[in-house]
Amino acid sequence: MSRYWDVYNGWRANPEAFWAEAAKAVDWFKPAERIFDENIGPYGRWFVGAECNTAYNCIDRHVAAGRGAQPAIIYDSPVTGTKRTLTYAQLLDEVEVFAAALAGLGVSKGDRVVIYMPMVPEVAIAMLATARLGAIHSVVFGGFAANELAVRLDDAKPKVIVSASCGIEPKHVVKYKPLLDAAIEMATHKPSHCIVLQRPMEQATLQAGRDLDWADLVAKTRAEGRRAMCVPVDATDPLYILYTSGSTGQPKGVVRDTGGHMVALAWTMKNVYGIAPGEVFWSASDVGWVVGHSYIIYGPLLNGSTTLIYEGKPVGTPDAGAFWRVVSEHNVAALFTAPTALRAIKKEDPQGALIANYSLSKLRTLFLAGERADPDTVRWAEWALGVPVIDHWWQTETGWAIAANPIGLGALLVKPGSPTVPMPGYDVHVLDEDGHEVADGQLGNIVVKLPLPPGCFPTLWNAEERFGPSYTDHFPGYYKTADAGYRDADGYLFIMGRTDDIINVAGHRLSTGAMEEVLSSHRDVAECAVIGAADALKGELPIGFIVLKAGVTRDAKDIESEVVALVRERIGPVAAFKTVRIVTRLPKTRSGKILRGTIKKIADGTDFKIPATIDDPAILDEIGAILSKRPIAS
Ligand code: COA
Ligand code: AMP
Numbered sequence: 082m083s084r085y086w087d088v089y090n091g092w093r094a095n096p097e098a099f100w101a102e103a104a105k106a107v108d109w110f111k112p113a114e115r116i117f118d119e120n121i122g123p124y125g126r127w128f129v130g131a132e133c134n135t136a137y138n139c140i141d142r143h144v145a146a147g148r149g150a151q152p153a154i155i156y157d158s159p160v161t162g163t164k165r166t167l168t169y170a171q172l173l174d175e176v177e178v179f180a181a182a183l184a185g186l187g188v189s190k191g192d193r194v195v196i197y198m199p200m201v202p203e204v205a206i207a208m209l210a211t212a213r214l215g216a217i218h219s220v221v222f223g224g225f226a227a228n229e230l231a232v233r234l235d236d237a238k239p240k241v242i243v244s245a246s247c248g249i250e251p252k253h254v255v256k257y258k259p260l261l262d263a264a265i266e267m268a269t270h271k272p273s274h275c276i277v278l279q280r281p282m283e284q285a286t287l288q289a290g291r292d293l294d295w296a297d298l299v300a301k302t303r304a305e306g307r308r309a310m311c312v313p314v315d316a317t318d319p320l321y322i323l324y325t326s327g328s329t330g331q332p333k334g335v336v337r338d339t340g341g342h343m344v345a346l347a348w349t350m351k352n353v354y355g356i357a358p359g360e361v362f363w364s365a366s367d368v369g370w371v372v373g374h375s376y377i378i379y380g381p382l383l384n385g386s387t388t389l390i391y392e393g394k395p396v397g398t399p400d401a402g403a404f405w406r407v408v409s410e411h412n413v414a415a416l417f418t419a420p421t422a423l424r425a426i427k428k429e430d431p432q433g434a435l436i437a438n439y440s441l442s443k444l445r446t447l448f449l450a451g452e453r454a455d456p457d458t459v460r461w462a463e464w465a466l467g468v469p470v471i472d473h474w475w476q477t478e479t480g481w482a483i484a485a486n487p488i489g490l491g492a493l494l495v496k497p498g499s500p501t502v503p504m505p506g507y508d509v510h511v512l513d514e515d516g517h518e519v520a521d522g523q524l525g526n527i528v529v530k531l532p533l534p535p536g537c538f539p540t541l542w543n544a545e546e547r548f549g550p551s552y553t554d555h556f557p558g559y560y561k562t563a564d565a566g567y568r569d570a571d572g573y574l575f576i577m578g579r580t581d582d583i584i585n586v587a588g589h590r591l592s593t594g595a596m597e598e599v600l601s602s603h604r605d606v607a608e609c610a611v612i613g614a615a616d617a618l619k620g621e622l623p624i625g626f627i628v629l630k631a632g633v634t635r636d637a638k639d640i641e642s643e644v645v646a647l648v649r650e651r652i653g654p655v656a657a658f659k660t661v662r663i664v665t666r667l668p669k670t671r672s673g674k675i676l677r678g679t680i681k682k683i684a685d686g687t688d689f690k691i692p693a694t695i696d697d698p699a700i701l702d703e704i705g706a707i708l709s710k711r712p713i714a715s
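Heads up, the sequence shown is in our numbering, so the first residue is 82 and it goes up one at a time.
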């Protein structure tokens, strides 16, 4: 029997008592004066008056409690053929010294540090060192282009950037330094220093005066005997800013606070993931995403568990057995990945033949998130691995699961296609456009009654005025998740898709609006639409439709490839934008709104009704004819 309903109802009966109890998992320098204060910020703040430090809770206290010799981080990099283990004592040593190095460059409480790095242990050291100083990190995913990095630099205004000479993709080395230099060139804000980790595969050119070699800086700091202590910060102070796609090219800076974040993550490690201190937890994501922040770095370390930093892919590094090798070699107790990774594995090894090469005896659970877990993939993984496959649903904004099957409280029945039930802290409702509750089984807007629980974003960086219009104005009193779905009679949630222009490509959240801005900037494009077409591997793939300006006679193929290159240059390879079609006109409503939903249905080959408000239905046939002449190939 699961304790879920008792625990959830316990939270409902007294939310503050619930979170005060959960807060005992954290070491505080000063306890909270109020567990929740509804009068601060857009909807209130948690653990007001408390003082704490995240790095202290992730490292120092575990060393003090005797975990010094236990592995904190295992780095496994099939793309470089490297493995390395850092114990908690070694991690403390590295973080103390790197934090002192940052402090030596003038970084102190409240300053921002942008981290633009591949999946190497130094990324964790940089994040934790920043947290140690009470400074605020903002990690930018390596697959973003210089322009995206520049936008983030101008918003976060970092004193220092920590980067590396390169990242390693299976087929090529991605030189980070030229991207970093280009971003700094583009940005108005200039950091005073860049610390660059020189990797053996690529030696970056350093700019005298501004750029510092990671190894030299650390060696110098050590030689000077400098180490940094943990700086107490308010529980409500930001730990990090993580930018996520908004509906325009201006990303939203999701702020994560310090105290509530620790309380929430510590609760989930035990109760959602069922992971004990000392066990190995592997989140096969990237630190550039929220999953990487919460479950590669902070969750496992707060819990005194061992985390894995994996620099590789589910397939091709070297084969579709890569995940199972890592699970077996490092005794992984729970693996967390995106359904797209499993689909990639299943495509190459449908019979799971490679699984038989490894012992997965320690693996208890496979967790999935980042995109809808389609029932076929869930069933295949259950069959192939013989462990429960647990979908859970959350967002960058929430930082942890809104809905899950809480393994630590006792598993509930798995219904493939559903991330199961709301977690304590989340009072989830399904509303129609007018804000009325819809019946069970009926599709609607999924919203969370305010306040959001600890760990969720309290505000947007530099843009509190965007909070209401983006999240709470539409359904007053509720947080709009911008996901659509329904609840069944057993209280299980089903998340079916977004209600805004966000698409999900291989578990990566991208804005079609931002891509449209890039397409529109091409000199020959008069207007455009970008939709997410269904894709068997990546879930969705962006497809652009462009109408050319009158009088343009250039070769269509040239224009198409220029548009594709432009998206790669401005947004980055992660957008996976490879397909564009030139059309003579776009379907619109009589009031001029482009019917993107209908274009998507035509591209997906699903049934659709001709919208009553359409200006000219003949355009739909034109789009259909163009797509059938050159079908979309992933
Ligand atoms: N730095 C630089 N470039 C990167 C990058 C990084 N950190 N990560 C990805 N890219 C590039 C890739 O090289 C690729 O470029 P290309 O167009 O030159 O080939 C592009 O971005 C798209 O990459 P990716 O999404 O990894 O696609 P893929 O076709 O190489 O691999 C999968 C497909 C399914 C194996 C891969 O998408 C995957 O592992 N997905 C899981 C995603 C995940 O875990 N998401 C976390 C959400 S919880
Ligand atoms: P991100 O902010 O990048 O984590 O993306 C969040 C979005 O991904 C959500 O709003 C959903 O649209 C989608 N998503 C994440 N996890 C799931 C899931 N388990 N089921 C369905 N959609 C999901």
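From the three backbone atoms N, C-alpha and C, an ideal C-beta is built for every residue, glycine too.
message: Please classify W109 as buried or exposed, where buried requires at least 16 neighbouring CB atoms within 10 angstroms.
response: buried
Discussion item. Tell me which residues share the same chain as A136 and place their Cβ nearer than 7 Å to its Cβ, disregarding the 5 neighbours each side in the sequence.
Written reply: V176, L209, A212, R213, C311
**Message:** Check whether the stretch 522 to 540 and the stretch 328 to 347 are in contact - that is, three or more C-beta pairs closer than 8 Å.
**Reply:** yes
Helix, strand or coil at E283 according to DSSP, with G and I counted as helix
strand
Contact under 8 Å by Cβ, Y560 with V529: Between Y560 and V529, the C-beta spacing is below 8 Å.
Quick check on the DSSP output: the beta strand (DSSP E) that includes A607 runs from which residue to which? 606 to 616
Going by beta carbon distance, what residues of the same chain come within less than 7 Å of I612, once the five residues before and after it are set aside?
Once the five neighbours on either side are set aside, the close Cβ partners of I612 are T593, I624, R677, I680, K681, A684.
Bridge partners for G578 per DSSP, in chain order? A565
What three-state label does DSSP hand V160 in the structure shown?
-> Coil.
Quiz prompt | Terminal residues of the alpha helix (DSSP H) in which E229 lies | solution = In the DSSP assignment, E229 falls within the unbroken alpha helix (DSSP H) covering 227 to 237.
Spatial neighbours of D236 in its chain, beta-carbon cut-off 7 Å, leaving aside the 5 residues before and after:
G334, W542, N543
**Asked** So, using beta-carbon positions, are Y354 and F448 closer together than 8 Å?
**Response** yes
- Task: Mind reading off the beta-carbon distance from I584 to R453? Whole number of angstroms is fine, and I expect it under 8 Å.
- Result: The distance from the Cβ of I584 to that of R453 is about 12 Å, inconsistent with a contact at the 8 Å cut-off.
* Under 8 Å by Cβ, that's how I've got D571 and I527 pegged, so tell me the actual separation to the nearest angstrom. => Between I527 and D571 the Cβ distance is about 17 Å, and since that is not below 8 Å, they are no contact.
Quiz item: With distances taken between CB atoms, is the gap from A207 to I217 smaller than 8 Å?
Solution: no
From this set, V502, N486, D554, S499, which residue's C-alpha is nearest G516's C-alpha? D554
Coarse secondary structure for A414, derived from DSSP in three states: strand
Check your understanding: Any idea if S602 is buried or exposed, counting beta-carbon neighbours within 10 angstroms, 16 or more meaning buried?
Key -> exposed
query = Can you list, in chain order, the stretches of the beta strand (DSSP E) that have 3 or more residues and sit fully within the stretch 292 to 323?
reply = 292 to 294
Give every residue of the same chain whose Cβ lies closer than 7 Å to the Cβ of H270, excluding the five residues on either side of it in the sequence, and list them in chain order. L234, D235, K238
If you draw a straight line from the alpha carbon of R604 to that of V628, how long is it in whole angstroms? 12 Å
| query | Sorry if obvious, but does the Cβ on D455 come closer than 7 Å to a heavy atom of the ligand AMP? | reply | no
query = Comparing alpha-carbon positions, which option in R666, R579, D569, T317 lies nearest G191?
reply = Nearest C-alpha to G191: T317.
- Helix, strand or coil at P152 [DSSP, three-state]: strand
*asked:* Please tell me whether V407 and D696 are closer than 8 Å, where the distance is taken between their beta carbons.
replied: no
Q.
Taking the beta strand (DSSP E) that E250 belongs to, which residues open and close that run?
A. 247 to 250
Chain-order list of residues whose beta-carbon lies under 8 Å from that of K164 (same chain, five-residue window excluded): I155, Y156, D157, S158
Practice item. With W127 as the anchor, note down where its beta strand (DSSP E) starts and where it stops. Key: 126 to 129
inquiry  = Quick test of the definition: if touching needs 3 or more C-beta pairs under 8 Å, does the stretch 218 to 234 touch the stretch 642 to 656?
reply    = yes
For the alpha helix (DSSP H) holding S642, just list the boundary residues, first then last.
637 to 651
request  = Using 10 angstroms around the beta-carbon of H374, count the other beta-carbons present and answer buried if the total reaches 16, otherwise exposed.
outcome  = buried
- Query: With contact counted as at least three CB pairs below 8 Å, one residue from each stretch, are the stretch 133 to 151 and the stretch 181 to 189 in contact?
  - Reply: no
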